[in-house]
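Asker:
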Amino acid sequence: MYIWNIKELAQALKERRIAEQSKRTYFIVGIALLAIGVLTYPFLLVTERANTLDIIDMMIYRMLNLIGLCAAYMINQSGDRQDFWLRCFSLFIPLTLRVILIVFVLKLVGYAIPPSIFPPLLSDETNWFDLFVSIGTDLYFIGMMVKYFKVINR
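Following our numbering, the numbering of the sequence shown begins with 1 at its first residue and continues without gaps.
1) Out of 89, 100, 71, which has the shortest C-alpha to C-alpha gap to residue 13?
2) Rounded to the nearest angstrom, what separates residue 38 and residue 62 at their Cα positions?
3) Do you know how far the Cα of residue 87 is from the Cα of residue 112?
4) In or out: residue 78 buried (at least 16 other Cβ within 10 Å) or exposed?
5) For residue 84, which of 137, 58, 23 has the nearest alpha-carbon?
6) Can residue 58 and residue 92 be called in contact, C-beta distance under 9 Å?
7) Would you identify the three-state DSSP class for residue 11, choosing helix, strand or coil?
8) Report buried or exposed for residue 31, applying the criterion of at least 16 other Cβ atoms within 10 angstroms of its Cβ.
9) Give the single residue among 102, 143, 26, 147 whose Cα lies nearest to the Cα of residue 133.
10) What number of angstroms, rounded off, separates the C-alpha of residue 142 from the C-alpha of residue 76?
11) Does the beta-carbon distance from residue 51 to residue 126 come in below 9 Å?
12) For residue 54, which option in 153, 131, 149, 140 has the closest C-alpha, if you only look at C-alpha atoms?
13) Considering only the alpha carbon of each residue, which of 4, 2, 150 lies closest to residue 157?
14) Taking buried to mean at least 16 other C-beta atoms within 10 Å of its own C-beta, is residue 6 buried or exposed?
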């Protein structure tokens, strides 16, 4: 199972070198990660008040993900038209791990430095910094997903 090496994973998916056991593992782990994200979101809405930036973030997130999923599907359809969900969930795992790491580093740096320069910047629960990090990591995730779908379907 390829956890970090996305290029090698894309090549293995292209050449159909993924073993059946690994395919099941990718599906189970990919669906579990997706379910954790989907199922925990309503609890976040209950535990904190939503502001305008939360609503903007949610709308942009859904729009970008829909566009990205449609783009990946169209790339897959223009290629060999096979194993879309396997490819999607397989790429989902290492990309999600990278996004988690990027968000962690950005938040660590972003919440350590800006408050000392301009304290009101981070006054709300969801602020402009959170919004830019969210949009940036969404664009990174979708861009990488589309990029590797192109690699697989070349």
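All C-beta atoms in this analysis are idealised placements derived from N, C-alpha and C, irrespective of residue type, glycine included.
Answerer: Taking the structure as given:
1) Taking the sequence shown and counting its residues from 1, one reaches residue 13 at position 13. Considering only alpha carbons, the answer is 89.
2) On the sequence shown, position 38 is the one that residue 38 refers to. On the sequence shown, position 62 is the one that residue 62 refers to. Cα-Cα distance, rounded: 12 Å.
3) Residue mapping note: residue 112 aligns to position 112 of the sequence shown, counting from 1. Residue mapping note: residue 87 aligns to position 87 of the sequence shown, counting from 1. If I take the Cα positions, the gap works out to 37 Å.
4) One-based indexing of the sequence shown puts residue 78 at position 78. With fewer than 16 Cβ atoms within 10 Å of its Cβ, residue 78 is classed as exposed.
5) Taking the sequence shown and counting its residues from 1, the one referred to as residue 84 is at position 84. Per the Cα distances, 23.
6) Within the sequence shown, the letter at position 58 stands for residue 58. Within the sequence shown, the letter at position 92 stands for residue 92. Not a contact, by the Cβ cut-off of 9 Å.
7) Position 11 of the sequence shown, counted from the first residue, corresponds to residue 11. Three-state DSSP puts residue 11 in a helix.
8) Residue numbering aside, residue 31 sits at position 31 when the sequence shown is read from its first letter. By the neighbour-count rule (16 or more Cβ atoms within 10 Å), residue 31 is not buried but exposed.
9) As a first step, residue 133 must be located in the sequence shown, where it is residue number 133. Ranked by how close their Cα comes to the Cα of residue 133, the residues 102, 143, 26, 147 have 102 in first place.
10) Position 142 of the sequence shown, counting from 1, holds the residue named residue 142. Position 76 of the sequence shown, counting from 1, holds the residue named residue 76. So the alpha carbons of these two residues sit roughly 15 Å apart.
11) One-based indexing of the sequence shown puts residue 51 at position 51. One-based indexing of the sequence shown puts residue 126 at position 126. For residue 51 and residue 126, yes; Cβs fall inside 9 Å.
12) For the purposes of this step, residue 54 is identified with residue 54 of the sequence shown, where counting begins at 1. Residue 131 is the option with its Cα nearest to residue 54.
13) Any answer about residue 157 is impossible in this case: the structure gives the chain only from 1 up to 154.
14) If you number the sequence shown from 1, residue 6 lands on position 6. The residue in question, residue 6, is buried, as its Cβ has 16 or more Cβ neighbours within 10 Å.
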